[in-house]
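Per the numbering used here, residue 2 is the first one in the sequence shown, and the count goes up by one each step.
The beta carbon of each residue, even a glycine, is placed where N, CA and C say it ideally should be.
Since we're looking at a predicted model, the values are computed, not measured.
This report concerns only the one structure given below.
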Amino acid sequence: MEDLIKRAARDIVEAKKVVALTGSGMSAESGIPTFRDQGGFWEKYNPEVYAHIDVFFSQPEKPWQMVKAFDQQLKAKPNPGHLALAEIEKMGFLKEIITQNVDSLHQQAGSTEVIEFHGNLRRGVCLVCGKYYEWGKISLEVLPPRCECNGILKPDAVFFGEQIPEEAFQRSYEASRKCKLMLVIGTSAIVYPAAGIPQVAKQAGAVVVEINPEKTPLTNFISDYSIIGKAGIILPEIVRELKRLA
Ligand code: OAD
């Protein structure tokens with residue numbers, strides 16, 4: 002594993018233009034459960050019942066019940082993996098993070114170029130007038146919460162059955178085509194279109210490096226190599242190695 006960490010640091014220095022694709026495993030060490038691992042979020046909340054856009058339109062209180070449960074987790078703090086990615090950006094290597102996460106922890110850690118591929122749970126948007134509400138400003142006492150215009154608020158995250166926000170989609174694909182190395186961190190890589198992003202980078206000639214304690218459909222197929230382990234341990238080690246090379 003040490004050899005792979007050194008290899009990743011060398012490849013990052015050589016590539017200069019690095020993009021990261023992150024998934025829920027990135028925030029696991031901040032205490033936020035992933036979706037599909039044992040004890041994961043979808044074990045408790047069937048996405049067909051709680052996270053499909055059709056459910057939102059017929060029973061808007063259902064998804065909000067799930068979001069209310071997520072509330073505690075939104076108090077989570079960035080872990081050493083998030084902080085390491087922010088540092089790799091400051092060093093000038095990491096140009097963009099494409100995240101499937103809706104928790105804002107990359108931004109809290111200090112990353113500035115973050116594309117929210119699946120939106121953000123810390124915002125609500127009024128379906129009538131389009132006004133945005135930050136998390137602390139939304140009362141969850143009566144569900145679904147409503148806007149001052151009385152329109153129903155929707156969590157500003159992407160539901161199943163919904164399109165990826167156009168700007169995030171375009172920016173992600175452009176970044177993936179331009180990067181020379183892609184770090185794929187903490188995602189099972191089975192939910193499309195996000196799961197197709199590493200392939201876009203690969204086809205454009207980038208080196209693809211996975212960081213995950215488990216294998217994924219990308220392993221030995223799209224990824225050039227995989228560093229098997231936790232993001233909160235591997236990424237700070239890569240930063241240490243980058244500093245040694247500097
Ligand atoms: P998953 O739950 O599908 O996958 C989590 C991945 O994180 C798995 O591959 C784990 O092995 C890995 N993992 C667990 N702990 C880790 C750690 N400490 N460090 C690194 N990796 C770790 O979650 P996602 O891939 O994020 O979409 O799921 C993708 C999308 O499916 C989500 O954005 C969400 C969900 O349905 C929507 O809600 C639209």
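Paired residues, beta bridge with residue i - DSSP
| i | result |
| --- | --- |
| residue 213 | 229 |
| residue 156 | 125 |
| residue 19 | 95, 182 |
| residue 134 | 125 |
| residue 172 | Residue 172 is not bridged to any residue. |
| residue 147 | 153 |
| residue 120 | 158 |
| residue 53 | 161 |
| residue 100 | 23, 117 |
| residue 208 | 182 |
Contact test: residue i Cβ vs the ligand NAP heavy atom, cutoff 6 Å
| i | result |
| --- | --- |
| residue 37 | What this structure holds is the ligand OAD, not the ligand NAP. |
Residue i vs residue j beta-carbon contact at 7 Å
| i | j | result |
| --- | --- | --- |
| residue 104 | residue 28 | yes |
| residue 128 | residue 162 | no |
| residue 236 | residue 82 | yes |
| residue 198 | residue 177 | yes |
| residue 228 | residue 186 | no |
| residue 131 | residue 154 | no |
| residue 70 | residue 120 | no |
| residue 79 | residue 109 | yes |
| residue 56 | residue 156 | no |
| residue 238 | residue 6 | yes |
| residue 99 | residue 118 | yes |
| residue 116 | residue 77 | no |
Beta strand (DSSP E) segment containing residue i, residue limits
| i | result |
| --- | --- |
| residue 186 | 182 to 186 |
Inter-residue CB distance, residue i and residue j (contact presumed, cutoff 8 Å)
| i | j | result |
| --- | --- | --- |
| residue 210 | residue 12 | 7 Å |
| residue 62 | residue 90 | Not really, about 39 Å apart at Cβ, beyond 8 Å. |
| residue 218 | residue 247 | Actually they do not touch by this definition, with Cβ atoms about 35 Å apart. |
| residue 122 | residue 65 | Not a contact, Cβ separation roughly 11 Å. |
| residue 188 | residue 26 | 7 Å |
| residue 45 | residue 94 | So it is not a contact: roughly 38 Å between Cβ atoms. |
| residue 230 | residue 2 | 7 Å |
The alpha helix (DSSP H) enclosing residue i, as first and last residue numbers
| i | result |
| --- | --- |
| residue 44 | 42 to 45 |
| residue 139 | Where residue 139 is concerned, there is no enclosing alpha helix (DSSP H), given that its DSSP letter is neither H nor E. |
| residue 193 | Premise fails: residue 193 is in no alpha helix (DSSP H) and is neither H nor E. |
| residue 247 | Careful: residue 247 lies outside any alpha helix (DSSP H) and carries neither H nor E. |
| residue 71 | 62 to 71 |
| residue 106 | 106 to 110 |
| residue 202 | 198 to 204 |
Original post:
Do the segment 132 to 140 and the segment 169 to 188 touch if we need at least three Cβ pairs shorter than 8 Å?
Top reply: no
Subject >> At least 3 beta-carbon pairs within less than 8 Å: the segment 32 to 39 vs the segment 193 to 213 >> reply: no
Original post:
Does the segment 81 to 95 touch the segment 9 to 29, meaning 3 or more C-beta pairs lie closer than 8 Å?
Top reply: yes
Original post:
Below 8 Å, can you find three or more Cβ-Cβ pairs linking the segment 201 to 221 to the segment 49 to 64?
Top reply: no
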